[in-house]
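Numbering (the UniProt record's numbering), first residue to last: 1 to 163.
Don't be surprised by glycine CBs; every beta carbon is placed ideally from N, CA and C.
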């Protein structure tokens with residue numbers, strides 16, 4: 001009997017905790033509503049498929065009312081932010097196609113420079129993908145924040161505001 005009562009109390013506490021968590025989650029979702037009453041997921045939907053999806057952080061910050069430019073690290077021009085460049089010896093094939101040693105022909109040997117990995121660490125950014133310093137990036141769509149929700153959805157090609 002005591003065990004059943006203890007299980008019942010634990011179940012009750014668990015349910016109360018879950019309800020409290022759901023209430024807090026609901027309040028958090030209300031706080032997250034922005035940009036003419038849209039949630040961040042709706043903002044992402046409006047801008048999906050466009051070039052601005054690369055700048056989700058900037059979009060989210062701007063949608064919250066922050067219209068300042070955001071500092072971003074400068075992307076390395078040599079590796080395009082990848083952190084690796086093609087091997088200069090094998091040109092990204094991973095093998096030396098022709099290797100002459102003492103007059104003998106040997107083909108398909110692993111590249112001596114990259115070890116067959118095809119890529120090497122970028123020497124400009126040391127594999128980080130960005131170089132020191134920062135640049136100011138101003139969102140190209142900044143004027144969209146002043147548009148009504150219906151116009152934003154029309155620009156995106158959606159017919160309903162509740163998608």
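Going by the DSSP bridge assignment, what does residue 93 pair with across the sheet?
Here residue 93 refers to the residue found at position 93 of the chain shown. Partner(s): none; residue 93 has no beta bridge.
Residue 84 bridges to which residues according to DSSP?
Residue mapping note: residue 84 aligns to position 84 of the chain shown, counting from 1. Beta bridge pairing from DSSP links residue 84 with 121.
Per-residue DSSP class, three states only, for residue 109
Taking the chain shown and counting its residues from 1, one reaches residue 109 at position 109. Strand at residue 109.
How many whole angstroms separate the CB atoms of residue 115 and residue 84, which I take to be in contact at a CB cut-off of 8 Å?
The sequence position of residue 115 within the chain shown is 115, counting from 1. The sequence position of residue 84 within the chain shown is 84, counting from 1. Taking C-beta atoms under 8 Å as the contact rule, residue 115 and residue 84 fail to qualify, at a distance of about 13 Å.
Verify whether the separation of the beta carbon atoms of residue 96 and residue 129 is less than 9 Å.
Within the chain shown, numbered from 1, the residue matching residue 96 stands at position 96. Within the chain shown, numbered from 1, the residue matching residue 129 stands at position 129. Contact: no.
Does any CB atom of chain B fall closer than 9 Å to the CB of residue 120?
Considering every chain present, this structure includes no chain B. It has just one protein chain.
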